[in-house]
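All remarks here apply to the structure that follows.
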Amino acid sequence: MSRFAGGKGTRHFNKKGNIMTPLNWLAAIVTSSLFAIPKINSIVIISLIVALVFLVVFFYAGMYVYWSITDPNRLQSEQYNIETKEMALRIEPSDIIEAIENKAEIITMNKTD
């Protein structure tokens, strides 16, 4: 049996992630440090933890806005992007040429009317 999930080798991997997945982990780990605040008596350490959390949250929001403006498809899951590319590859060039020719025929028919 393979060491990969489900014993399916390298073909089976998690395709649910997107460009923000590593930042999701970072945000989850850093914000979980807020649970330690009630046990800490030093105002300096509490201030550092809160500042770090705000920094990570603002960085996360900034990266989300950046990717939504520059390349929104990167925010989609990997599975969605793979399926979209597969559908694009299934369209044969002859289908595209035929669609263009049909549109040209429709345009010329409208001009003669």
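Here the sequence shown is numbered in UniProt numbering, starting from 1 and rising by one per residue.
C-beta: ideal position from N, C-alpha, C; glycine also.
None of the values given here were measured: they were computed from a predicted structure.
Under the Cβ criterion (8 Å, minimum of three pairs), the stretch 26-46 does not count as touching the stretch 70-81. In this structure Ala27 touches Val56 by the C-beta definition: roughly 6 Å separates them, less than 8 Å. Under the three-state reduction of DSSP output, Ile46 falls in the helix class. Annotation: the continuous alpha helix (DSSP H) that includes Leu89 extends over Glu78 to Arg90. The shortest C-alpha to C-alpha distance from Thr21 to any of Ser32, Tyr60 and Ile49 is the one to Tyr60.
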